[in-house]
Structure formats: C-alpha cells, structure tokens
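The sequence shown begins at 6 in the numbering used here and counts up one residue at a time.
Note sheet for the following structure.
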Amino acid sequence: MTGPLHVRAEEFGTVRLFGLRGTEAEIARMTARHQDAEGQVHWPLLAELGVDHLDETHVEIFDVAQLGDIGLTGYMEEGLGIPPAQIAPQRALLENEGGQVLILLAGAFGGKPADLKHSDKLSFLGLFTEDRPPVIFDPLPTGGAKGAPLTGGRKPVSDAAMSGRIAMVALLVLFVLTGLVIWMSG
C-alpha cells in the first residue's frame, strides 16, 4: 500500500498532521494515557490510528490556539522545518484549522512500517516533509590538509622498535627453556 497513511520502514523527515474531532471530553479520553491494574498503559489514540505503538517523544498534541499569532502554518514552517511551498496548497485549510491537532513525526513509528486507518475522530490534514538542505563538503579553508596522504599506510618500523621486539622474543624463549629444564629435573 502507498499513500499518505502508509508509513514506510525507516521513514525519515516526514510529518503527518491530523485534526482531532469530537467533543472536548471525547478528545481528552482519546489522547489520555491511563494505566490498568496490571500496570499496562492504554492510549486510545493508538486504536484510532490502527497502530499498537507510538514513540511519544515524536508525537505532539496541542490546541492550535496555544500557538497565538504564529498559527499552525507558522509553527509548521518555523518549528518543524516544512518548506512554505509544501504548505501553500493547503494553507487556507491549515489556517482555518481550530481546536486540537495531532502531529506525528517519522520517529513516532520506531522505524517500522505501518498503515494508519481512517477514523471519524481524526481528520487527516496532510503529509509533509522537513526541508533538509543537502550536505556539502567544502575544502578546508587553510589548506592544512593539502599533500596529506589519502591512505592510512603504515610507517616503517624503526630500528629501536625492531630491537625491542627481538629482545622480547628472546626473553620468551629463555623463559620457556627455563621452565622446561625445571620440569624435567623435577
């Protein structure tokens, strides 16, 4: 399945926006997490989305009125890094969105694929992609790395290091021979 309600495995940089529908009490029940007698946490929002887990650090639920003058589109552009060109086709819809909204960042799904379901309590408002400029590797400004070897070749072993290795091997041979003599004489 493809489409805005299909989450690909290892998805990165996407933002899904939903409007929460219902009375204030219904929205509060849907978004509240509560624990049962066995210590199991229940979050009705998961059932509305048709998923069994969301990473709460990548989920935002808030009332648009809290954004004040910046508004939902301003928050999306400046807070979430969504380019204005992506928002433009839905600007009127988003600017008129009131009440509570749900924002699901790509990380909410833990890198696993998911198919979100349609719900009368969730109104899908759009799938957006964060604007991430390409990484450009400029040359170093001082030229300090010019002429440096590109491979991690080994330096030749010095005479002192070689002498130390030979001495170590000679000591080990002497130690083994001494142990052998002691064992045979015992």
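We put the beta carbon where it would ideally sit given N, CA and C, even for glycine.
* Taking the beta strand (DSSP E) that Glu132 falls in, what are its first and last residues? -> Looking up residue 132 in the sequence shown gives position 127. According to the sequence displayed, residue 132 carries Leu and not Glu. Following the DSSP letters along the chain, one finds Leu132 inside the beta strand (DSSP E) bounded by residues Leu127 to Thr134.
* Can you give me the start and stop residues for the alpha helix (DSSP H) that Thr78 sits inside? => As a working mapping, residue 78 is identified with position 73 in the sequence shown. Here the alpha helix (DSSP H) through Thr78 covers Gly76 to Gly79.
* **Pair within 8 Å by beta-carbon distance, Glu135 and Val20** => In the sequence shown, counting from the first residue as 1, residue 135 sits at position 130. In the sequence shown, counting from the first residue as 1, residue 20 sits at position 15. In contact: Glu135 and Val20 (Cβ atoms closer than 8 Å).
* Asked: Would you call the segment 67-75 and the segment 38-51 touching, i.e. three or more CB-CB distances under 8 Å?
  -> Flag = no, the segment 67-75 and the segment 38-51 do not touch.
* Helix or strand or just coil, what does DSSP make of Gln40? -> Against the sequence shown, residue 40 aligns to sequence position 35. Here Gln40 sits in strand by DSSP.
* Put Phe67 into one of helix, strand or coil per three-state DSSP. => The count along the sequence shown starts at 1 and reaches residue 67 at position 62. In the three-state reduction of the DSSP assignment, Phe67 falls in the strand class, which pools E and B.
* Look at the alpha carbon of Gln105 and the alpha carbon of Pro139, and state the distance between them as a whole number of angstroms. => Within the sequence shown, numbered from 1, the residue matching residue 105 stands at position 100. Within the sequence shown, numbered from 1, the residue matching residue 139 stands at position 134. Taking the straight line from one Cα to the other gives about 34 Å.
* Between which two residues does the alpha helix (DSSP H) carrying Thr4 extend? -> The requested residue 4 is not part of the displayed model; the chain covers only 6 to 191.
* Check the DSSP bridge columns for Ala108 and list the partner residues they point to. => Reading the sequence shown from its first residue, position 103 is the one you call residue 108. For the sequence presented, residue 108 should be read as Ile rather than Ala. Leu22 and Glu65.
* To do: Report buried or exposed for Leu185, applying the criterion of at least 16 other Cβ atoms within 10 angstroms of its Cβ.
  => Residue numbering aside, residue 185 sits at position 180 when the sequence shown is read from its first letter. Leu185 comes out exposed.
* To do: State the CB to CB distance for the pair Ile75 and Phe133, rounded to an integer number of angstroms; the pair is presumed to be in contact (CB under 8 Å).
  => Residue numbering aside, residue 75 sits at position 70 when the sequence shown is read from its first letter. Residue numbering aside, residue 133 sits at position 128 when the sequence shown is read from its first letter. 17 Å between Cβ atoms; not a contact.
* Asked: Does DSSP classify Ala14 as helix, strand or coil?
  -> Sequence index remark: in the sequence shown, residue 14 carries index 9 (1-based). In the structure shown, Ala14 sits in coil (DSSP, three-state: anything other than H, G, I, E or B).
* **Buried/exposed call for Glu83, threshold 16 Cβ in 10 Å** => Within the sequence shown, the letter at position 78 stands for residue 83. The residue is exposed, with fewer than 16 neighbouring Cβ atoms inside 10 Å.
* Please report how far the alpha carbon of Val56 lies from the alpha carbon of Ala90, in whole angstroms. => The count along the sequence shown starts at 1 and reaches residue 56 at position 51. The count along the sequence shown starts at 1 and reaches residue 90 at position 85. Spanning the two alpha carbons is a distance of roughly 30 Å.
* **Span of the alpha helix (DSSP H) around Gln91** => Along the sequence shown, one-based indexing puts residue 91 at 86. For Gln91, the enclosing alpha helix (DSSP H) stretches over residues Pro89 to Ile92.
* **Where the alpha helix (DSSP H) through Pro49 begins and ends** => By one-based count along the sequence shown, residue 49 stands at place 44. Unbroken alpha helix (DSSP H) run through Pro49: Pro49 to Leu54.
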